[in-house]
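For reference, the structure discussed in these notes is given below.
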Amino acid sequence: MTDLPSLRESLDAHGLSAKKSFGQHFLLDLNVTRKIVRLAGPFDGRSVIEVGPGPGGLTRALLESDAGRVVLVEKDPRFLPLLAELDDGSGRLEIVEGDALKVREAELVEGPAHLVSNLPYNVGTALLIKWLTGPWLPYALTLMFQKEVAERIVAAPGDDAYGRLAVIAQAVCEARLVMHLPAAAFTPPPKVASAVVHLVPRADRPDRETLKRLERVTAAAFGQRRKMLRSSLKTLGGAALCEAAGIEPDARAEVIDGAGFLRLAAALT
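Counting the sequence shown from 1 gives a position; this note's numbering is that position plus 63.
Below, the structure is given as structure tokens:
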């Protein structure tokens, strides 16, 4: 990687810039991308999927690491020639042109694999829900989001940011906020700061059917979060559902912890 031109030089050589429609903000400081990869590892030879690599700042750091195969999923075809320049012919790097929301990750990698990405802001939450609730779950996820979204993922009951994203993410994974980045770290700078979240799947995570019920319960409860659960969950059973789950019907969603929501999901028929 040391023989390559800088990321900015590579962008200039290919005449590339960020597209607002793709939610692109590039991280060009390799010291920062290497730190993110250190926070994500060690990989011990496992594969890594990176979504939205853009000019390849994180990709370069991943290729310097102990990762096995590094699979890139890039929707913007403008970046494919630039990313191809990172291939040293060893077979470690694979570039897939496609929409990460539609890609089947199990077809890209064999065995346990990591996800490490600076996610496009406009699809970050949707991608996280896909990975948490879908048929393929990574070995670990180290993902960059807008700071507001990152705080929603790790929020605790009673926090202003606590909601259905926190409940679902924490039901499936142990989630920690591990790094903050100011807007000035990116090119072009977004209007908000960013943060990196590290998620490790729980051994006792709910099965997919339970997660589907959890999504229904949290959508109803937090869709009317200022109402008591007897009202916000009325279409799902209201007070009777709460009582079956051992939850006070007059409580509001923002004070119910993940275990309580899982009991509500289990009681839902």
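Beta carbons: idealized from backbone N, C-alpha and C, even for Gly.
The structure displayed is predicted, hence computed values, not measured ones.
With a cut-off of 8 angstroms on the beta carbons, I'd call residue i and residue j a contact; round off their distance for me.
i           : j           : result
residue 269 : residue 277 : 7 angstroms
residue 145 : residue 79  : 7 angstroms
residue 326 : residue 312 : Between residue 312 and residue 326 the Cβ distance is about 13 angstroms, and since that is not below 8 angstroms, they are no contact.
residue 114 : residue 180 : 4 angstroms
residue 232 : residue 238 : 5 angstroms
In whole angstroms, what is the alpha-carbon distance linking residue i and residue j?
i           : j           : result
residue 245 : residue 274 : 34 angstroms
residue 177 : residue 111 : 5 angstroms
residue 84  : residue 321 : 35 angstroms
residue 329 : residue 261 : 27 angstroms
residue 100 : residue 309 : 43 angstroms
residue 286 : residue 69  : 46 angstroms
residue 186 : residue 86  : 8 angstroms
residue 97  : residue 296 : 46 angstroms
residue 267 : residue 123 : 35 angstroms
residue 323 : residue 197 : 22 angstroms
residue 90  : residue 252 : 10 angstroms
residue 301 : residue 307 : 10 angstroms
residue 304 : residue 319 : 14 angstroms
residue 168 : residue 77  : 29 angstroms
residue 299 : residue 195 : 23 angstroms
residue 137 : residue 104 : 22 angstroms
Nearest to residue i by CA position, among the options, is which residue?
i           : options               : result
residue 163 : 190, 185 and 317      : 190
residue 220 : 288, 176 and 329      : 288
residue 217 : 210, 235, 105 and 240 : 240
residue 317 : 174, 215 and 147      : 215
residue 184 : 319, 305, 303 and 257 : 257
residue 106 : 175, 303 and 255      : 175
residue 254 : 209, 153, 137 and 298 : 209
residue 66  : 242, 222 and 151      : 151
residue 242 : 95, 71 and 88         : 95
Can the beta-carbon of residue i be found closer than 8 angstroms to that of residue j?
i           : j           : result
residue 188 : residue 212 : yes
residue 271 : residue 291 : no
residue 156 : residue 120 : no
residue 108 : residue 75  : no
residue 159 : residue 166 : yes
residue 139 : residue 82  : yes
residue 142 : residue 161 : no
residue 102 : residue 235 : no
residue 149 : residue 126 : yes
Open item on the list: Counting beta carbon pairs with one atom in the region 222-233 and one in the region 275-290, are three or more of them shorter than 8 angstroms?
Closed with: yes
Open item on the list: Is it the case that the region 128-143 contacts the region 197-206, given that we only count it when at least three CB pairs across the two stretches are under 8 angstroms?
Closed with: no
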